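Residue numbers (the UniProt record's numbering), protein chains in the order written: chain Z, 1 to 391; chain V, 1 to 391.
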């Protein structure tokens with residue numbers, strides 16, 4: 001096991017009816033800037049619940065944060081927040097609103113130069129406005145970590161930052177708020193955590209049996225509960241289980257002491273930036289390609305994954321690994337999501353473009369930092385050819 | 001799933017060589033009272049590592065905190081800490097030293113009456129001196145929670161309290177410090193977390209598949225790594241895995257949203273108070289009795305436990321449950337720990353005494369609060385008779 005430090009100060013308030021605890025979670029007398037997305041919270045009742053809970057607080061609003069939140073939009077919120085002297089940011093929405101709010105929180109306190117440098121060059125975040133979260137879409141795990149991913153229109157970019165200052169002080173997770181999500185979002189909420197787990201699990205063995213079991217537990221639960229959520233969209237317990245899986249997938253715990261491989265996310269971010277496909281859609285396409293390309297390096301873990309998660313028995317490690325990757329891709333497809341670039345009509349040049357963008361930043365991917373320009377092209381080539389398996 | 005709140009602010013610093021980070025974890029200028037036990041830290045090098053790391057801090061010492069830390073001892077530390085105006089308590093040792101230090105921290109700030117009331121009548125802990133921990137024996141999970149168990153000589157008592165104010169600010173977990181532990185302590189460090197898990201897992205089903213998998217993951221890892229630790233006491237990775245299991249077993253995570261049954265701990269505490277057997281020894285005796293007595297209520301989870309953790313197949317739920325309990329008891333015995341009261345020469349009156357003590361406080365035990373005076377006696381009767389299975 002590798003040495004690690006784990007510190008996660010987020011207070012999670014989980015369960016039905018928990019939004020009403022908001023009033024006790026934010027100090028009265030603090031001016032709150034409430035951030036949200038396209039307005040679905042106004043039709044599903046969440047907006048009213050939040051406003052009612054905060055009826056004795058001063059609340060200003062910034063709506064319109066889009067999926068893959070845009071720097072251009074967020075900087076308007078930074079301006080508003082500064083002008084109004086907001087002392088607390090309350091994110092009401094899914095991972096995009098929360099990621100955007102984390103950036104707003106850091107940018108409001110960023111004193112030297114353009115806050116885009118937090119994303120572009122890792123400029124240090126020295127402080128941030130305190131953040132709270134009411135989560136209405138479980139997928140990204142942002143509710144219990146200090147990560148944020150922000151996009152930019154001009155030039156087209158999608159970049160991440162991390163800071164201990166942007167952990168939410170609290171996150172309210174009421175599974176009932178997710179029962180009205182469109183099917184596509186529910187599917188995204190299964191695939192994103194699934195891939196978060198594989199990226200902390202399918203690497204190489206460092207003798208970490210508990211972390212392995214914890215990772216497998218999340219995958220087994222997603223495989224079991226995901227399809228049920230699509231069949232029974234209003235079932236509270238199923239939604240609660242998916243929500244809890246998404247939080248556990250990226251709260252840092254299963255990543256303690258193990259090797260990480262975020263290649264799928266890095267490549268997926270570029271596909272979203274360039275071609276606009278959903279984040280989770282990009283992951284469902286890229287993960288099978290990464291696993292096939294890196295099979296030799298990941299063989300031991302892939303075989304363990306096949307046996308423990310997919311119940312494959314009686315095959316060699318190599319055949320078990322192949323089967324496990326195929327089962328993963330079939331699982332994604334069974335949820336109704338495409339797993340090839342061809343299906344999204346993404347032009348064949350994507351491999352070259354994505355490889356150039358990532359290697360142009362000097363980044364090497366994978367748990368061995370062995371995925372460079374050539375390998376990224378090869379992986380994306382596989383992501384077109386995957387379709388041969390799905391005539 | 002039940003509603004829950006989860007908030008665990010402990011910063012964990014895990015791995016070999018991590019004690020040297022102490023200097024950065026405690027503000028300089030703060031007067032530290034270092035607490036420890038019987039002095040093993042002076043022979044295994046931990047004392048020197050701590051003192052060296054804190055050579056630029058002011059440190060006073062309070063040693064001699066015993067296993068099952070005594071109120072009488074701890075109150076001397078309270079007196080010293082107040083007199084010296086200690087602003088930070090650093091626990092260096094295992095769960096007993098840390099539990100004792102949590103009590104000292106709360107008692108130093110307790111203003112109304114006798115601090116024993118924190119344990120006896122749940123008097124509110126309104127604040128506590130900040131605590132840090134260097135853990136040298138992994139078992140209790142105290143390093144990542146706000147629980148503490150303290151004993152008293154006159155009258156003989158063993159009681160627990162919980163407070164958000166006594167979470168350690170940080171806990172340093174260096175598995176190397178556990179490599180010199182005597183075998184009995186290693187065994188205790190397998191059994192205590194094992195039972196912590198079962199008490200949050202073997203109750204009734206609330207549709208919590210992820211929590212179940214997480215619990216099973218800890219049990220599977222303890223069953224795999226525990227015997228290896230006894231065979232290879234110096235193996236770092238095995239020690240690291242056991243240490244991580246112990247922390248995960250009682251940091252609150254697997255207990256989120258599920259039913260709890262702490263009957264084994266409650267009954268075990270009384271056996272330790274009355275007869276002086278080790279905490280973990282008491283658990284190894286009581287757990288099989290609780291599970292046998294409560295089999296009907298726990299049937300579904302016991303059967304799941306048998307199939308997933310012990311790999312029992314082809315039997316009815318009832319037979320699987322019986323087998324699972326027997327396998328649990330055999331596992332404890334395989335580690336070299338007794339599982340009957342007879343083996344500890346505990347007089348047959350223990351059932352009556354323990355039942356009187358617990359019911360005398362008006363406490364009902366178990367996930368249904370259905371274990372009262374009569375049931376406790378029946379359970380302890382089983383704990384004598386268990387031996388029939390082990391001629």
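Positions of the beta carbon are idealized from the N, C-alpha and C atoms, including for glycine. Being a predicted model, the structure only gives us computed values, none of them experimental.
Contact annotation, residue 264/V with residue 195/V: C-beta distance approximately 6 Å; criterion of less than 8 Å satisfied.
Fully enclosed beta strand (DSSP E) runs of no fewer than 3 residues are not present anywhere in the segment 302-354 of chain Z. Residue state for residue 133/V is assigned as strand, using DSSP reduced to three classes. When the beta-carbon positions are compared, residue 22/Z and residue 54/Z come within less than 8 Å of each other. Around residue 229/Z, the same chain offers 186, 238, 242 as residues with beta carbons nearer than 6 Å, after the five sequence neighbours per side are excluded. Judged by DSSP in its simplified three-state form, residue 32/V adopts strand.
Not a single unbroken stretch of the alpha helix (DSSP H) spanning 4 or more residues falls wholly within the segment 218-244 of chain Z. Its Cα nearest to that of residue 291/V, the residue 198/V stands out among 177/V, 385/V, 198/V. Proximity of residue 385/V to chain Z, defined by a Cβ-Cβ separation below 8 Å, is not satisfied. Closest in C-alpha terms to residue 268/Z, from the list 255/Z, 106/Z, 149/Z, comes 149/Z. Here residue 182/Z is exposed, its C-beta having fewer than 16 other C-beta atoms within 10 Å. Residues are counted here when their Cβ sits less than 7 Å from a Cβ of chain Z; for the segment 153-181 of chain V the count is zero. Close partners of residue 213/Z in chain V (Cβ separation under 7 Å): 217, 220, 221.
DSSP places residue 106/Z outside any beta strand (DSSP E); the residue lies instead in the alpha helix (DSSP H), whose first and last residues are 95-108. Against residue 11/Z, the close residues of chain V are 5, 6, 7, in the order they occur along the chain (beta-carbon pairs closer than 8 Å). With distances taken between CA atoms, residue 59/V lies nearest to 47/V out of 173/V, 65/V, 47/V. The alpha-carbon of residue 72/V is positioned some 7 Å away from that of residue 153/V. Here residue 361/Z is not bridged, per DSSP, to any residue. Residue pairing for residue 4/Z: DSSP places it in a beta bridge opposite 14/V. When Cβ pairs closer than 8 Å are counted between the two stretches, the segment 89-101 of chain Z is seen to touch the segment 131-140 of chain Z, the count reaching three or more. Residue 191/V is a Cβ neighbour of residue 284/V, given a cutoff of 8 Å. If you look at residue 61/Z, you'll find it in the beta strand (DSSP E) that goes 58-62. Looking at the backbone, the Cα of residue 61/Z and that of residue 35/Z are separated by about 6 Å. Here DSSP, grouped into helix, strand and coil, assigns residue 90/V to strand. Taking the C-beta atoms as reference points, residue 273/V is found nearer than 8 Å to residue 158/V. Two segments are said to touch when three or more pairs of C-beta atoms, one from each, lie closer than 8 Å; by this definition the segment 81-89 of chain Z touches the segment 30-45 of chain Z. Residue 200/Z sits buried, since 16 or more C-beta atoms from the chains shown fall within 10 Å of its C-beta. Residue 364/Z is a Cβ neighbour of residue 372/Z, given a cutoff of 8 Å. With three or more CB-CB distances shorter than 8 Å, the segment 102-112 of chain Z counts as touching the segment 158-173 of chain Z. Rounded to whole angstroms, residue 311/V and residue 51/V show a C-alpha spacing of 48 Å.
The way I'd put it, the segment 354-361 of chain V does touch the segment 374-383 of chain V; three or more beta-carbon pairs between them come closer than 8 Å.
Residue 368/V counts as exposed, since fewer than 16 other C-beta atoms from the protein chains shown sit within 10 angstroms of its C-beta. The C-alpha of residue 234/Z lies about 28 Å from the C-alpha of residue 25/Z. For residue 259/Z, no chain V residue has a C-beta closer than 7 Å to its own C-beta; the minimum C-beta separation is roughly 14 Å.
Out of 251/Z, 358/Z, 262/Z, the CA that lies nearest to the CA of residue 10/Z is found in 251/Z. Within chain V, the residues placing a beta-carbon under 8 Å from that of residue 209/Z are 220, 221, 224, 225, 241, ordered along the chain.
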